[in-house]
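Q: So the mapping is simple: the working numbering equals the position in the sequence shown, first residue as 1, plus 508.
What follows is a single structure, and I will ask about it in a moment.
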Amino acid sequence: MASYTDEKESSLMLSKTNQLLLQTVSADVTMFEMRATNLVIASDDGERAAGEKTGSDQKVTRDIQVVTQGVESVRCECCGMSEECTPTYIRRIRDAFHGNWVCGLCSEAINLELQMKREAHPTSSSSPPPLMITKAEALASHMSLCSKFNRTVRMNPKLSLAISMRDIAKKCSQRRTTTTADMAMPKNNIARAISCGPRMEL
């Protein structure tokens, strides 16, 4: 008898749960239908408003269409990333970087390298002017760094890890050889041969 009532209670609970789920789903469907209806109404209003545009609005729309039609895809000569830009922007960037197309990230890296070199060598009136790095040299340096990265890390990450570990091992061994060479040099310190402390003999 107890099992029959337990089954009846569990089926009653299950049906209540199903009813709640149905109510939730129907509420979600109703919300979706309302949003879809609002979108249709908004698009109808937008079409009506598009027909009522003034002359200046139509000119702006035409200008935007001309700009989007004149967009070209161009690939960065440093990192290889593609961007879509207007021909005038492409020409301006190529003029700034000696005929090379450089993406925004690479141009920032080049400018940062120029800035760091200038800050590392401050000019003063008494000292001769330091050797400044030019934009072409910074561009060449960044391009070589990117090509090295593309050859090693992108193509074979495991090889890149091995190269990095080799470089770390080289640096560690160079440090060891310099420290052992420093230790091998005789120092002019006076060394004690006998302890100066008192002795107790029993």
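Built from N, CA and C at the ideal position, the CB exists for glycine as well.
Here the structure is a predicted model, which is why all the values come from computation and not from measurement.
Rounded to the nearest angstrom, how far is the Cβ of isoleucine 671 from that of threonine 660, given a contact under 8 Å?
A: Yes, they are in contact, since the Cβ atoms of isoleucine 671 and threonine 660 sit about 6 Å apart, within 8 Å.
Q: Can you tell me the Cβ-Cβ gap for cysteine 593 and valine 610, rounded? I've got them flagged as a contact below 8 Å.
A: Their Cβ separation, rounded to whole angstroms, is 12 Å, which puts cysteine 593 and valine 610 out of contact at 8 Å.
Q: Confirm, please, whether the CB-CB distance from asparagine 608 to leucine 653 is below 8 Å.
A: Result no, Cβ atoms of leucine 653 and asparagine 608 do not sit closer than 8 Å.
Q: Does DSSP put cysteine 593 in a helix, a strand or coil?
A: Here cysteine 593 sits in strand by DSSP.
Q: Output needed for tyrosine 597: all residues of its chain with C-beta closer than 8 Å, excluding positions within five of it in sequence on either side, in chain order.
A: Answer for tyrosine 597: no residue qualifies.
Q: If you reduce the DSSP assignment to three classes, tell me which class glutamate 580 lands in.
A: Looking at glutamate 580 - three-state DSSP - the assignment turns out to be strand.
Q: Does the Cβ-Cβ distance between proline 650 and glutamate 627 come in under 8 Å?
A: Rather than proline, the amino acid found at residue 650 in this sequence is histidine. Taking 8 Å as the Cβ cut-off, histidine 650 and glutamate 627 do not qualify as a contacting pair.
Q: Kindly provide the ranges of any alpha helix (DSSP H) runs that are 4 or more residues long and lie completely inside the stretch 620 to 679, ordered along the chain.
A: Here the runs fully enclosed are 643 to 657.
Q: Check whether the Cβ atoms of glycine 588 and asparagine 664 sit closer than 8 Å, and answer yes or no.
A: No. Outside cutoff.
Q: What does the alpha-carbon distance come out to for the pair proline 595 and methionine 624?
A: Approximately 31 Å between the Cα atoms of the pair.
Q: Between the C-alpha atoms of serine 615 and lysine 643, what's the straight-line distance to the nearest angstrom?
A: For serine 615 and lysine 643, the distance between alpha carbons rounds to 10 Å.
Q: Enumerate in chain order the residues of its own chain whose CB-to-CB distance from glycine 578 is below 7 Å, with the five nearest sequence positions on each side excluded.
A: Excluding positions up to five away in sequence, the list reads Thr594 and Pro595.
Q: Quick one: grab the DSSP three-state call for cysteine 611.
A: In the structure shown, cysteine 611 sits in coil (DSSP, three-state: anything other than H, G, I, E or B).
Q: Using the beta-carbon count (16 or more within 10 Å), is cysteine 680 buried or exposed?
A: Answer is exposed; the Cβ neighbour count stays below 16.
Q: From arginine 600 to isoleucine 676, what distance separates their C-alpha atoms?
A: Spanning the two alpha carbons is a distance of roughly 42 Å.
Q: Using the Cα positions of lysine 666 and methionine 673, report the straight-line distance between them to the nearest angstrom.
A: The alpha-carbon atoms of lysine 666 and methionine 673 are separated by roughly 11 Å.
Q: Aspartate 603 to alanine 617, Cα distance in whole Å?
A: Approximately 18 Å between the Cα atoms of the pair.
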